[in-house]
Amino acid sequence: MRLLFSFIGGRGHFDPLLPLAEAARAAGHTVRFACSGALQDAVIGAGFDVHAYSARPAAPPTPQPLRPVDAARELREFRERFVQAGARHRYPLARALCEGWRPDCVIADEADLGAVLAAEALGIPCARVQVMATAAFVPRALAAGDLAQVRTAFGLPADEHFQALDAVPLLTAFPATLRDPALPPARSSLSFRAPPPRRPLPLAGFDPRPGWPTVYLTLGTVFHLEAGDLLARAMAGLHGLPVNAIVTTGEGIDPAALGPHPAHWRVAAFLPRAEVLPHCDLLLCHAGSGGLLGAITHGLPLVTLAMGADQLLNAERCAALGLGLPLDPLTATPAEIAAAVRGMLADARARIVADRLRAEAAAHPPAAEALAALLAG
Numbered sequence: 025m026r027l028l029f030s031f032i033g034g035r036g037h038f039d040p041l042l043p044l045a046e047a048a049r050a051a052g053h054t055v056r057f058a059c060s061g062a063l064q065d066a067v068i069g070a071g072f073d074v075h076a077y078s079a080r081p082a083a084p085p086t087p088q089p090l091r092p093v094d095a096a097r098e099l100r101e102f103r104e105r106f107v108q109a110g111a112r113h114r115y116p117l118a119r120a121l122c123e124g125w126r127p128d129c130v131i132a133d134e135a136d137l138g139a140v141l142a143a144e145a146l147g148i149p150c151a152r153v154q155v156m157a158t159a160a161f162v163p164r165a166l167a168a169g170d171l172a173q174v175r176t177a178f179g180l181p182a183d184e185h186f187q188a189l190d191a192v193p194l195l196t197a198f199p200a201t202l203r204d205p206a207l208p209p210a211r212s213s214l215s216f217r218a219p220p221p222r223r224p225l226p227l228a229g230f231d232p233r234p235g236w237p238t239v240y241l242t243l244g245t246v247f248h249l250e251a252g253d254l255l256a257r258a259m260a261g262l263h264g265l266p267v268n269a270i271v272t273t274g275e276g277i278d279p280a281a282l283g284p285h286p287a288h289w290r291v292a293a294f295l296p297r298a299e300v301l302p303h304c305d306l307l308l309c310h311a312g313s314g315g316l317l318g319a320i321t322h323g324l325p326l327v328t329l330a331m332g333a334d335q336l337l338n339a340e341r342c343a344a345l346g347l348g349l350p351l352d353p354l355t356a357t358p359a360e361i362a363a364a365v366r367g368m369l370a371d372a373r374a375r376i377v378a379d380r381l382r383a384e385a386a387a388h389p390p391a392a393e394a395l396a397a398l399l400a401g
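Numbered according to this note's numbering, the sequence shown spans residues 25 to 401.
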């Protein structure tokens, strides 16, 4: 079969599709990705054919100051970027690609509504992949009715109660416990297992001190450029603790500009999460969904510094479960960050919660099994 995997965001929208795409390739299906030009190199690097909806950006984005956290603003910006503008822009591009390539199934990240609508209009079977951990962000963003306007603009029924969207199968690697309890159960959901933890392999340039816990600090692959001095404050907090540290700065931030570090620190622009997390005891991060799933897969508690998007809901849910401790990214001092890390490393209950969620996620069927069930109809 021909399977088209489409995503509209950054790496956080690409990575959740990878286990399914790899399973599809292993099963002998023809796999093609579709994404923006900014992400095509990531897809090529993973060994897949890609159709770029746009050209590569002329220049990388530049760091921006940190803004105060504003949940209402984040929902508004999501609606503007992914529903109002995003779906309207993506729909004709995805439709043209589907008409030309004729996939047997479209598998899209849950925010790629234009691709989902194009598949519906053409009568192509479609599935969505959950990329936002608590499953609450997209429903809240869609509540304003923008999707109905987009649908009618392209000749589709308004679907004001989301019956058509809810009928699209949802593939998810997130444990059900993480789902916002205020949401009804997903009508058509297929769980799959994220790639299991690897055996820890030596990291070049990292000489951890025996007996010390290891903390992984990351602000992601998008929001790191909207974090102001947050990374510097977090690093300053870790410097005062008896911990080994692995830090990824993200593209556009030079690790050398952050000064020299001891041998039990490893600071790099990017390191594959799957290679880092097996070394770690705690994740200090922005509560992005990809990092959160990685922490759960490896049974790690978190200290969260949520800045925007679905991170705010993720941090709240982690705190409610006892998995994470949230801090205000705008005001958190190095001393407060250090105290939070110290406290979570010593929190036996958080470790129990992390182990329980790890076991729940590990009990999901393999991606190949979920994909086969989807394609069997």
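Just so you know, even glycine gets a beta-carbon here, dropped at the ideal spot from N, CA and C.
These figures come from a predicted structure and were not determined experimentally.
When DSSP states are grouped into helix, strand and coil, tyrosine 77 belongs to the coil group. Judged by DSSP in its simplified three-state form, glycine 348 adopts strand.
DSSP links leucine 306 through a beta bridge to Val239. Between alanine 51 and alanine 392, the alpha-carbon positions lie close to 8 Å from each other. Taking a cut-off of 8 Å for Cβ pairs, the stretch 326–334 and the stretch 364–374 touch, as three or more such pairs fall below it.
Pairwise C-beta distances place the stretch 230–243 out of contact with the stretch 63–72, as fewer than three of them are shorter than 8 Å.
Exclusion of the five residues before and after histidine 388 leaves Ser215, Phe216 and Arg217 as the residues of its chain whose Cβ lies within less than 6 Å of its Cβ. Remark: C-beta atoms of valine 140 and arginine 152 approach each other more closely than 8 Å.
Comparing alpha-carbon positions, the option among Leu398, Thr321 and Ala397 lying closest to valine 377 turns out to be Thr321. For leucine 324, there is no enclosing alpha helix (DSSP H), as DSSP marks it with neither H nor E. Under DSSP, valine 130 forms a beta bridge with Leu28 and Cys150.
Runs of the beta strand (DSSP E) lying entirely within the stretch 162–202, each at least 3 residues long, are 194–196 in chain order. For the pair glycine 276 and proline 85, the CB atoms are nearer than the 8 Å cut-off. Using a 10 angstroms sphere on the CB of arginine 375, the tally of other CB atoms reaches 16 or more, which defines it as buried. Distances from the alpha-carbon of phenylalanine 178 to those of Leu146, Pro205 and Ala160 put Leu146 closest.
Taking a cut-off of 8 Å for Cβ pairs, the stretch 356–363 and the stretch 251–262 touch, as three or more such pairs fall below it. Linking tyrosine 115 to alanine 142 through their CA atoms gives a straight-line distance of about 6 Å. Contact annotation: the stretch 232–243 does not touch the stretch 193–208, with fewer than three C-beta pairs closer than 8 Å.
Residue pairing by DSSP places asparagine 268 opposite Thr238 in a beta bridge.
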